[in-house]
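Here is the structure we will look at, set down as structure tokens.
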Amino acid sequence: MVAQLASHLACTQPGLRGFTRPNLFRMRQFFEAYRHDVKVSALLRQLPWTHNMIILNQSKHPEEREFYLRMAIQEKWSSRELERQFKAALFERSVVSPAKVSAPLRQIHPQALEVFKDAYMVEFLALERGHAETDLHGGLLHRLRDFLIELGRDFCFVGSQYPLQVGGRDFALDLLFFHRGLNCLVAIELKVGRFEPEYLGKMDFYLEALDRNVRKPHENPALGVLLCASKEDEIVEYALNRSLSPALIAEYHTQLPDKKLLQAKLQEFYALNAQEAE
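The opening position of the sequence shown corresponds to residue 1 in UniProt numbering, with each subsequent residue numbered one higher.
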């Protein structure tokens, strides 16, 4: 049927472009995938055809399609970045491993769970095993545009080794950003090892200094991100449970994750939820 239609259009409408057999087949796929999905119809019109095809071809089910449609619109990803996010298994990670945040962060910034991730992919830095904190810090500054894309569209860079003075002593914050949507400063401290509970104490101090000495009157309280090479979920839970500051703990990954493994974990997650619902 599709081949016949392509031949018919080529003969009767020789000046009409884009209606080749492969393209007509994709159009049929597109129609069949979304014909009953009224909820996403408005989203489809906001993205180019190339983006829609990437999402249609690489998504496993409707929930995943809708997730990437919304994210592509929100973040204004290029087609290349959209493909990278599929390779990075963003959907699977967002479901299986949501961001680990403190109770004050949930209260002060309820939208934070939609903004932050449990892990950030920095494979574009090409860091070697055993890299130093200076390598990570310098790499992020050198590839700042890529890091901003990974963080999210509303992040704005403020400074590196941002100076803070308290009690006549000088301190330096690794990275300082501002988030337009949350209307607050975002402090990021880098750790090339695993997360240790004492790191939160230092972050509390930095956030207090930012709120007292840097934050504008119309801005919300600053929040902090401890970006570590690794973390143990139970230790993170204990540390955040008594934390009084709006903070979260995340990992950075120097390589893209094993997507098949994450897809398997996602299926386990759905299966457990289905059992609990029964």
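From the three backbone atoms N, C-alpha and C, an ideal C-beta is built for every residue, glycine too.
Item	Value
Alpha-carbon spacing of A187 relative to Y120, whole angstroms	15 Å
Supposed contact pair G152 and E75 - C-beta distance, whole angstroms, cut 8 Å	7 Å
Beta-carbon gap between H137 and S160 smaller than 9 Å	yes
Bounding residues of the beta strand (DSSP E) (the contiguous stretch that carries P104)	Careful: P104 lies outside any beta strand (DSSP E), inside the alpha helix (DSSP H) at 103 to 108.
Nearest candidate by alpha-carbon position, reference C93, set E32, L105, G201, Y68	Just to set this straight, residue 93 is Arg in the shown sequence, not Cys. When only C-alpha atoms are compared, the closest one is Y68.
DSSP-derived helix/strand/coil call for V95	helix
CA-to-CA distance, D118 to P98, given in whole angstroms	6 Å
Whole-Å CB distance - R194 paired with K231, under 8 Å assumed	6 Å
Contiguous alpha helix (DSSP H) assignments of at least 4 residues, all confined to the segment 211 to 257	233 to 241
Cα-Cα separation, A6 to R26	With a pLDDT of 45 at A6, under the threshold of 50, the modelled position of this residue cannot be trusted, and the question is left open.
Rounded Cβ spacing between S243 and L182 (contact assumed at less than 8 Å)	With 8 Å as the limit, S243 and L182 do not qualify as a contact, their Cβ atoms being about 18 Å apart.
Short Cβ contact (9 Å threshold) for D174 with V115	no
Neighbourhood of L140 by C-beta distance below 6 Å, restricted to the same chain and skipping five residues each side	F147
A126 and V192 closer than 9 Å at C-beta	no
DSSP three-state assignment for K259, whether helix, strand or coil	helix
Alpha carbon of R84 to alpha carbon of Y252, nearest angstrom	16 Å
The segment 221 to 237 / the segment 52 to 65 touching (three or more Cβ pairs under 8 Å)	no
Which of helix, strand or coil DSSP assigns to H142	helix
Boundaries (first-last residue) of the beta strand (DSSP E) holding R169	169 to 179
Where the beta strand (DSSP E) containing L190 begins and where it ends	184 to 194
C-beta contact flag for P217 and C184 at 9 Å	no
Whole-angstrom C-beta distance between I73 and L113, which should lie under 8 Å	No, L113 and I73 are not in contact; Cβ-Cβ is about 19 Å, not under 8 Å.
L240 beta carbon less than 9 Å from that of A247	yes
Opening and closing residue of the beta strand (DSSP E) in which S160 lies	155 to 166
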